[in-house]
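When we follow my numbering, the leftmost residue of the sequence shown carries the number 188, and every step to the right adds one.
By construction, the Cβ of each residue, glycine as well, lies at the ideal position given by its N, Cα and C atoms.
A quick note: this is a predicted structure, and the numbers were derived from the prediction, not measured.
Shown next, in structure tokens, is the structure this report addresses.
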Amino acid sequence: MGLRPGLSLLDVGCGIGRHLARAHGCRVTGVDLTEAYVAVAEALTRRVGLQGAISFRHGSALALPFTDGAFDGAYMLHVGMNVPDRSALFAGVRRVLRPGAVFAVHDVMRLAPGALDFPLPWTSGPEASFVESPAAYRRRSRTAAAAGNRSCVVLVRPAYGESCPASYGAAPDSASIPPRPRVGS
Ligand SMILES: C[S@@+](CC[C@H](N)C(=O)[O-])C[C@H]1O[C@@H](n2cnc3c(N)ncnc32)[C@H](O)[C@@H]1O
188 MGLRPGLSLL DVGCGIGRHL ARAHGCRVTG VDLTEAYVAV AEALTRRVGL
238 QGAISFRHGS ALALPFTDGA FDGAYMLHVG MNVPDRSALF AGVRRVLRPG
288 AVFAVHDVMR LAPGALDFPL PWTSGPEASF VESPAAYRRR SRTAAAAGNR
338 SCVVLVRPAY GESCPASYGA APDSASIPPR PRVGS
């Protein structure tokens, strides 16, 4: 992501928070749907003295409460598989990024077809599971960028697969992703 001190980053679905602020000197804004997580994140951040570098907002990734182009980069860790409308998610994140900024995604993704065997770590049933392949992620992110007529590079990394970095115009074939370990085979 080209992290360096002073960058303003958005942590989408931050949970109780992350520490790119401490490791790289970035200013991080976390947003999460679960109000209790935001409260815990704020308390933990104060406890480790990072309140000047990290702030949190209660809100949805599908209706981000930020102005256009507010961030130099964004990341999302283990969240997308619970979000029903990933196209809206990508469009929203693209809106709040400055042109050309990176959105890094590290999610649970589907690496093979087949029924999922619930319960799974991210949900007890299918009503809250929206797992997709890395190729589908790239397709949706490209569509969102094109619709908004703005560039935005997305790095997709399946949480339970090997690394497969991609950017617009250079997405590797999903068949090149190692098939193991699998989700839903
Ligand atoms: C598995 S946790 C991951 C938390 C954090 N990213 C991490 O890696 O520790 C998933 C998080 O996504 C949040 N979440 C789910 N749907 C969301 C949405 N539509 N908007 C914002 N946050 C959401 C949940 O509240 C939860 O905190």
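Problem set entry | Inter-residue spacing [alpha-carbon to alpha-carbon] between Thr-310 and Gly-200 | Translated into positions along the sequence shown, residue 310 becomes position 123. Translated into positions along the sequence shown, residue 200 becomes position 13. C-alpha separation (whole angstroms): 15 Å.
Exercise. Any heavy atom of ligand 1 within a distance shorter than 7 Å of the CB on Cys-213?
Worked result: The residue you call residue 213 lines up with position 26 of the sequence shown. No, the Cβ of Cys-213 stays beyond 7 Å of every heavy atom of ligand 1.
Problem set entry | Spatially closest choice to Ser-242 from Ala-250, Ala-248, Arg-233, by CA coordinates | By one-based count along the sequence shown, residue 242 stands at place 55. The shortest C-alpha separation from Ser-242 is found at Arg-233.
For this session: Under 8 Å by Cβ, that's how I've got Leu-284 and Ala-248 pegged, so tell me the actual separation to the nearest angstrom.
Result: For the purposes of this step, residue 284 is identified with residue 97 of the sequence shown, where counting begins at 1. For the purposes of this step, residue 248 is identified with residue 61 of the sequence shown, where counting begins at 1. At roughly 13 Å, the Cβ-Cβ gap does not stay under 8 Å, so Leu-284 and Ala-248 are not in contact.
Problem set entry | Range of the contiguous beta strand (DSSP E) that encloses Gly-279 | Walking along the sequence shown from the start, residue 279 turns up at place 92. Run containing Gly-279: none in the beta strand (DSSP E); it sits in the alpha helix (DSSP H), 273-283.
For this session: Please confirm whether any heavy atom of ligand 1 lies closer than 7 Å to the CB of Ser-247.
Result: Along the sequence shown, read from residue 1 onward, the residue named residue 247 stands at position 60. Answer for Ser-247: yes, Cβ within range of ligand 1.
For this session: Step through the CB atoms of chain D and report whether any lies within less than 8 Å of the CB of Gly-212.
Result: Checking the listed chains, one finds no chain D in this structure; it contains a single protein chain.
Exercise. When you compare each of Glu-314, Pro-321, His-293 to Phe-305 by their alpha carbons, which one comes out closest?
Worked result: Counting from one through the sequence shown, the residue named residue 305 turns up at place 118. Ranking the options by Cα distance to Phe-305, first place goes to Glu-314.
For this session: On a CA-only basis, which of Thr-216, Asp-272, Arg-282, Ser-195 is nearest Gly-202? Give me that one, please.
Result: Taking the first residue of the sequence shown as 1, we reach residue 202 at position 15. Residue Thr-216 is the option with its Cα nearest to Gly-202.
Exercise. If you count every other CB in all the chains shown that lies within 10 Å of the CB of Ser-350, and 16 or more means buried, which is it?
Worked result: Numbered from its first residue, the sequence shown carries residue 350 at position 163. With a pLDDT of 37 at Ser-350, under the threshold of 50, the modelled position of that residue is not reliable, and no figure is offered here.
Problem set entry | Cα-Cα separation, Gln-238 to Leu-194 | Position 51 of the sequence shown, counting from 1, holds the residue named residue 238. Position 7 of the sequence shown, counting from 1, holds the residue named residue 194. Computed Cα separation, rounded: 16 Å.
For this session: Mind listing, in chain order, the continuous alpha helix (DSSP H) runs of no fewer than 4 residues lying wholly within the stretch 212-239?
Result: 222-234
For this session: Output the boundary residues of the beta strand (DSSP E) element that contains Ala-261.
Result: For this step, residue 261 is matched to residue 74 along the sequence shown. DSSP places Ala-261 in the uninterrupted beta strand (DSSP E) bounded by 258-264.
Problem set entry | Backbone CA spacing between Gly-348 and Leu-190 [nearest angstrom] | Mapped onto the sequence shown, residue 348 falls at position 161. Mapped onto the sequence shown, residue 190 falls at position 3. Note that Gly-348 has pLDDT 44, beneath the 50 cutoff, so the model's placement of it is unreliable and the number below is only indicative. One C-alpha to the other measures close to 23 Å.
For this session: Going by CA-CA distance only, name the one from Ala-240, Tyr-224, Ala-332, Arg-281 that's closest to Phe-253.
Result: For the purposes of this step, residue 253 is taken as residue 66 along the sequence shown, with counting starting at 1. Ranking Ala-240, Tyr-224, Ala-332, Arg-281 by Cα distance to Phe-253 puts Arg-281 first.
For this session: Could you tell me the distance, in whole angstroms, from the CA atom of Ala-226 to the CA atom of Val-235?
Result: Against the sequence shown, residue 226 aligns to sequence position 39. Against the sequence shown, residue 235 aligns to sequence position 48. Distance between the alpha carbons of Ala-226 and Val-235 is about 15 Å.
Problem set entry | ligand 1 heavy atom lying under 7 Å from the CB of Val-235 | In the sequence shown, the residue the question calls residue 235 occupies position 48. No, the Cβ of Val-235 stays beyond 7 Å of every heavy atom of ligand 1.
For this session: Go ahead and pull the three-state DSSP assignment for Phe-253.
Result: As a position in the sequence shown, residue 253 is number 66, starting the count at 1. Note: Phe-253 maps to coil in three-state DSSP.
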